[in-house]
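Novice: So for the sequence shown, my numbering puts the first residue at 168; every next one is plus one. A virtual CB, placed ideally from N, CA and C, is assigned to each residue, including glycine.
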Amino acid sequence: MSLLMVRCPRTGQEVWTGIETDPDSFRKIPDDLFYTSCPHCGLDHAWGRDEAWLVHAPGATNDNGLVAGRPRLELRLGHVQDGGASETMP
Ligand SMILES: [Zn+2]
Numbered sequence: 168m169s170l171l172m173v174r175c176p177r178t179g180q181e182v183w184t185g186i187e188t189d190p191d192s193f194r195k196i197p198d199d200l201f202y203t204s205c206p207h208c209g210l211d212h213a214w215g216r217d218e219a220w221l222v223h224a225p226g227a228t229n230d231n232g233l234v235a236g237r238p239r240l241e242l243r244l245g246h247v248q249d250g251g252a253s254e255t256m257p
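1. Rounded to whole angstroms, what is the Cα-Cα separation between residue 197 and residue 225?
2. Rounded to whole angstroms, what's the CA-CA distance from residue 194 to residue 222? Just pull it up for me.
3. What is the C-beta distance between residue 183 and residue 200, in whole angstroms, given that I count them as a contact (C-beta under 8 Å)?
4. Leaving out the 5 sequence neighbours to the left and right, which residues in its chain are closer than 7 Å to residue 176 when beta-carbon positions are compared?
5. When you compare the CB positions of residue 189 and residue 168, do they come within less than 8 Å of one another, or not?
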């Protein structure tokens with residue numbers, strides 16, 4: 168999945184719209200206006216598909232966003248413990 172980004176017209180910073188999508192779905196977005204509340208200036212920005220672009224999500228969004236990262240981390244820790252225990256077995 169990729170993150171749908173727009174640019175804040177006040178600060179010039181990139182703003183995540185809160186939408187995760189893929190290039191195929193991105194092309195199907197209707198030519199309409201959407202609103203995203205901007206963390207940089209605190210305003211709601213209207214944007215259309217032509218102003219938005221996709222950035223590749225660095226793995227953390229395979230599930231459902233950043234919140235899903237925590238359980239995955241715990242699973243990884245548990246796996247390490249299992250591996251260590253089996254290695255110390257005679
Ligand atoms: Zn803004």
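Specialist: If we stick to the structure as given:
1. 26 Å
2. In this model, residue 194 and residue 222 are separated by some 14 Å (Cα to Cα).
3. About 18 Å; that fails the 8 Å criterion.
4. 212
5. yes
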